[in-house]
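Under this note's numbering, think of the first position of the sequence shown as 165, with each following residue one higher. So the structure is just underneath, and the comments pick up after that.
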Amino acid sequence: MKKYQSWDEYFDDQPPRGKEMLQELRQIFRETIPSATESWGYGVPAYELVPNAKNDKKIMIAGFKNHIGFYPTPQTIEAFIDELKDYKLSKGTIQFQHSQELPKELIKKMILHRYHDQAK
Numbered sequence: 165m166k167k168y169q170s171w172d173e174y175f176d177d178q179p180p181r182g183k184e185m186l187q188e189l190r191q192i193f194r195e196t197i198p199s200a201t202e203s204w205g206y207g208v209p210a211y212e213l214v215p216n217a218k219n220d221k222k223i224m225i226a227g228f229k230n231h232i233g234f235y236p237t238p239q240t241i242e243a244f245i246d247e248l249k250d251y252k253l254s255k256g257t258i259q260f261q262h263s264q265e266l267p268k269e270l271i272k273k274m275i276l277h278r279y280h281d282q283a284k
């Protein structure tokens, strides 16, 4: 896996639609949890919702050829499973296809859910 020096470099290395979607996600995070810190987790962009979060506490995002991956944790996915029926899911991952619009309000709710879960 290529090692990136910045999120912008990572975004620039994605297909045009993937880059656009990752930038949209970045804006959603900034609007939802302004104090969230951009970092890295397992070689991909990650948000620390609380200071000095370990990898299993971060929300990661990643670009792929035909989709972007959003990694909010299995517990968060389970909490919103009914609203995620239009998306490909795995244990801790949601795939947003490049052909889909990002469900911004749903993403905001998942971010807040994860944040409040960590703030306990």
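Glycine included, C-beta positions come from ideal geometry on N, C-alpha and C. What you are looking at is a predicted structure, and each value in this text was computed from that prediction instead of being measured.
Could you check the C-alpha separation between residue i and residue j for me, to the nearest Å?
i    : j    : result
Y251 : R190 : 20 angstroms
R181 : E173 : 15 angstroms
Q282 : Q259 : 23 angstroms
H112 : K183 : The displayed coordinates of the chain run from 165 to 284. Any statement about residue 112 would go beyond what the structure contains.
G227 : T240 : 20 angstroms
P179 : K229 : 7 angstroms
E188 : F175 : 11 angstroms
N117 : A200 : Lying before the first or after the last residue shown, residue 117 is absent from the chain, which here runs from 165 to 284.
N219 : S254 : 18 angstroms
Assuming residue i and residue j are in contact, meaning their beta carbons sit under 8 angstroms apart, how far apart are those beta carbons, in whole angstroms?
i    : j    : result
L213 : I223 : 7 angstroms
G256 : P238 : 5 angstroms
K272 : I192 : 6 angstroms
If the criterion is Cβ atoms closer than 8 angstroms, does the pair residue i and residue j meet it?
i    : j    : result
F244 : L270 : yes
P236 : M185 : no
W171 : E202 : yes
Short of 7 angstroms in beta carbon distance, which residues of its chain neighbour residue i, apart from the five on each side in sequence? Order them along the chain.
i    : result
W204 : A210
Can you list, in chain order, the residues of its chain with a C-beta nearer than 6 angstroms to that of residue i? Leave out the 5 residues immediately preceding and following it.
i    : result
Y279 : I197, L213
Flag residue i as yes when its Cβ comes closer than 7 angstroms to any non-hydrogen atom of the ligand GTP, and as no otherwise.
i    : result
K166 : Summarising the ligand content, the structure contains no ligands, and the ligand GTP is consequently not present.
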